Amino acid sequence: MNEVKYYLNGKYFKDFGVYVSESNGIVDSLERKPIQQYDWSEYHGLSPDLTSPKYKERKFELKCFIIGDNWEIMFDNFKDFLIKEFSKPGTQRLHIEPFEFKVLPYEVYMMEEIKIEKRFKQGNMVGVFNLILIEPNPIKKILKTNLDTFHLSYECSSETEIFLGDGTKLIGRGNVSFTKDYSAPSYQGSGINIIQQSAINNNYYELYVIPSGLNHYLFSLKVSLSSAKDMNMYLIGKKPDNTYHAVAISETFSGAIGENEISLVKELDASTYSKFYFKVLDTEGNEISGSTFTDPRIETAEVIGEWQNMLGKEKIIIIAGNVDDIKNLSTEAEIIWNKI
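Per full-length UniProt numbering, residue 1 is the first one in the sequence shown, and the count goes up by one each step.
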């Protein structure tokens, strides 16, 4: 069909009587951030630093109308679709499919309140309105997969946002490596370390606070390797009766030479343990010669966004940030846009 299709969080605009008559700014070039300039007195003119241009957020407008048999039906559709979706926490996923061409995905929020101008047309109530949307992190790499489990790894010197296509997101830092299982949401750490080294034995770590109402935790540490090595992180818990239990074991992580950050998320009743300690072993369960680890962390973890069950469906994954700096990307997912 020769049309441009619009979806918000997987919901087709037309199913709610919403039509887009015009779109402005969806593929326009972005406004540059201020350029660092040097004014050397011994040279003519200016010397701008153009080595790595950075851009402002993307702002675009969808001119829309909504149709209903009467005002009540039109308002219910409008309220149950646009108002409800844009009232959810975080950014919302907008997909634009131009003339059956590959999808253009955006993570957006609504900039201004919607004002509807009401009209009658051929006995129907028509509401005309504009959607002003902001994409705060507009430079991105796009992946697509029908797999319900896949691995993603890459290296990037700066922080990236990974929008997983199920309404949740992760923050990628440094050497990123994780397996995404769409049977459950992904959890993001709080950034607040709730353990401290034991005063009795420096191999142990103790929780100095046990959060109430939260039972998912992100366990992580930084591992320095003298040679590339596949490895696993083990978290061992000690109970008050002096018994030890393997609380969590990470997925296999492809470690690179130098510093790596390895992490895992696990549901845990932390109050049943008195102490924890971390181990990093190769895939055969042996100590890794020459390896050291620093910054062991236990953080509370929560779902960032509103999770949707995407099992058996096509997933569009967005990696947003300084995507030109991404190196050694490895995944089973298809790359459909290297940079947009």
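Glycine included, every Cβ here is placed at the ideal spot set by N, Cα and C.
The structure displayed is predicted, hence computed values, not measured ones.
Counterpart residues of residue i in DSSP-defined beta bridges
{"i": "Glu-107", "result": "Arg-93"}
{"i": "Pro-98", "result": "Val-4"}
{"i": "Ser-254", "result": "Asp-230"}
{"i": "Glu-161", "result": "Ile-171, Ala-320"}
{"i": "Gly-189", "result": "Ala-301"}
{"i": "Gln-36", "result": "Partner(s): none; Gln-36 has no beta bridge."}
{"i": "His-44", "result": "According to DSSP, which records beta bridges pairwise, His-44 is partnered with nothing at all."}
{"i": "Val-20", "result": "Cys-64"}
Backbone secondary structure at residue i - three-state DSSP
{"i": "Phe-86", "result": "helix"}
{"i": "Ile-73", "result": "helix"}
{"i": "Val-323", "result": "helix"}
{"i": "Lys-56", "result": "coil"}
{"i": "Asp-181", "result": "strand"}
{"i": "Lys-14", "result": "helix"}
{"i": "Lys-115", "result": "coil"}
{"i": "Lys-140", "result": "strand"}
{"i": "Lys-238", "result": "strand"}
{"i": "Lys-339", "result": "coil"}
{"i": "Lys-313", "result": "coil"}
Beta-carbon separation (whole angstroms), residue i vs residue j, contact threshold 8 angstroms
{"i": "Gly-165", "j": "Ile-316", "result": "5 angstroms"}
{"i": "Tyr-205", "j": "Gln-196", "result": "7 angstroms"}
{"i": "Ile-236", "j": "Lys-169", "result": "About 30 angstroms; that fails the 8 angstroms criterion."}
{"i": "Thr-294", "j": "Lys-222", "result": "5 angstroms"}
{"i": "Lys-14", "j": "Phe-81", "result": "Actually they do not touch by this definition, with Cβ atoms about 11 angstroms apart."}
{"i": "Ser-153", "j": "Val-176", "result": "6 angstroms"}
{"i": "Val-18", "j": "Ile-66", "result": "5 angstroms"}
{"i": "Asn-2", "j": "Phe-99", "result": "6 angstroms"}
Contact set for residue i: own chain, Cβ-Cβ below 6 angstroms, skip 5 residues either direction
{"i": "Ile-194", "result": "Leu-207, Val-209, Ile-298"}
{"i": "Ala-320", "result": "Asn-137, Lys-140, Glu-161"}
{"i": "Lys-63", "result": "Ser-21, Glu-22, Asn-130"}
Contacts around residue i, its chain only, beta-carbon distance under 7 angstroms, and the 5 residues preceding and following it disregarded
{"i": "Ile-26", "result": "Phe-60, Ile-96, Leu-104"}
{"i": "Tyr-187", "result": "His-216, Leu-218, Val-265, Ala-301, Glu-302, Val-303"}
{"i": "Ala-248", "result": "Phe-219, Leu-235, Leu-264, Lys-266"}
Beta-carbon proximity list for residue i, same chain, < 8 angstroms, skipping 5 on both sides
{"i": "Glu-112", "result": "Ile-132"}
Proximity test, Cβ basis, 8 angstroms: residue i and chain E
{"i": "Arg-297", "result": "Note that chain E does not occur in the displayed structure, where there is just one protein chain."}
Complete beta strand (DSSP E) runs within the segment 241-298 (minimum length 3 residues, chain order): 244-249, 253-255, 258-267, 275-282
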